[in-house]
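In what follows, a single structure is set out as structure tokens and then discussed.
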Amino acid sequence: MIGIHKDCCKLLHVVDVAVANMERFQKYNIGNRMFNYVLDMREDIGHANRTTGKERIAALNDLLEKNDGLDALANYCLDYKYLSLRQVSEISSYSENIGKQATAWRNSTKE
Numbered sequence: 014m015i016g017i018h019k020d021c022c023k024l025l026h027v028v029d030v031a032v033a034n035m036e037r038f039q040k041y042n043i044g045n046r047m048f049n050y051v052l053d054m055r056e057d058i059g060h061a062n063r064t065t066g067k068e069r070i071a072a073l074n075d076l077l078e079k080n081d082g083l084d085a086l087a088n089y090c091l092d093y094k095y096l097s098l099r100q101v102s103e104i105s106s107y108s109e110n111i112g113k114q115a116t117a118w119r120n121s122t123k124e
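Sequential numbering of the sequence shown, starting at 14, is according to the working numbering.
This is the structure:
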């Protein structure tokens, strides 16, 4: 299993645990969206791993967009105290690692 995939699996678990502790309304609106972002990121990693060239670059760009969306939602949750600082910092740490790996992978891909 490649490193970016491992980090995404760990991120999925962290988001799952964090969302489980949210209040009901936030859990089904914001939390569900966060969880879906990570699931979509896993799909993008798989797609990028199976393809080459422009298709891989497009999949990695989609991954990076979803990663940014996840970060934005995590920071929103921190601002309104739906998640703790510890939970958001853990999400941000994995998200940052995934972003760095995806950017390096995209930059090393030849069109």
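Glycine included, each C-beta is placed from N, C-alpha and C at the ideal position.
For the alpha helix (DSSP H) containing residue i, name the first residue and the last one.
{"i": "S97", "result": "No alpha helix (DSSP H) contains S97, which DSSP labels as neither H nor E."}
{"i": "G59", "result": "45-63"}
{"i": "K128", "result": "The displayed coordinates of the chain run from 14 to 124. Any statement about residue 128 would go beyond what the structure contains."}
What number of angstroms, rounded off, separates the C-alpha of residue i from the C-alpha of residue j?
{"i": "S121", "j": "Y50", "result": "24 angstroms"}
{"i": "D81", "j": "E109", "result": "9 angstroms"}
{"i": "N45", "j": "A72", "result": "22 angstroms"}
{"i": "R69", "j": "D84", "result": "23 angstroms"}
{"i": "E97", "j": "I111", "result": "Per the sequence presented here, residue 97 reads as Ser, with Glu not at that position. Their Cα atoms are separated by approximately 21 angstroms."}
{"i": "S102", "j": "H26", "result": "14 angstroms"}
{"i": "A87", "j": "T116", "result": "21 angstroms"}
{"i": "R119", "j": "N74", "result": "8 angstroms"}
{"i": "I43", "j": "K67", "result": "32 angstroms"}
{"i": "K94", "j": "F48", "result": "18 angstroms"}
{"i": "L24", "j": "Y107", "result": "6 angstroms"}
{"i": "A33", "j": "I15", "result": "28 angstroms"}
{"i": "E36", "j": "T65", "result": "42 angstroms"}
In or out: residue i buried (at least 16 other Cβ within 10 Å) or exposed?
{"i": "E124", "result": "exposed"}
{"i": "Y41", "result": "exposed"}
{"i": "I58", "result": "buried"}
{"i": "I17", "result": "buried"}
{"i": "K79", "result": "buried"}
Assuming residue i and residue j form a contact by the criterion Cβ under 8 angstroms, report the distance between their Cβ atoms to the nearest whole angstrom.
{"i": "V30", "j": "I104", "result": "Contact flag wrong, Cβ pair sits at about 10 angstroms."}
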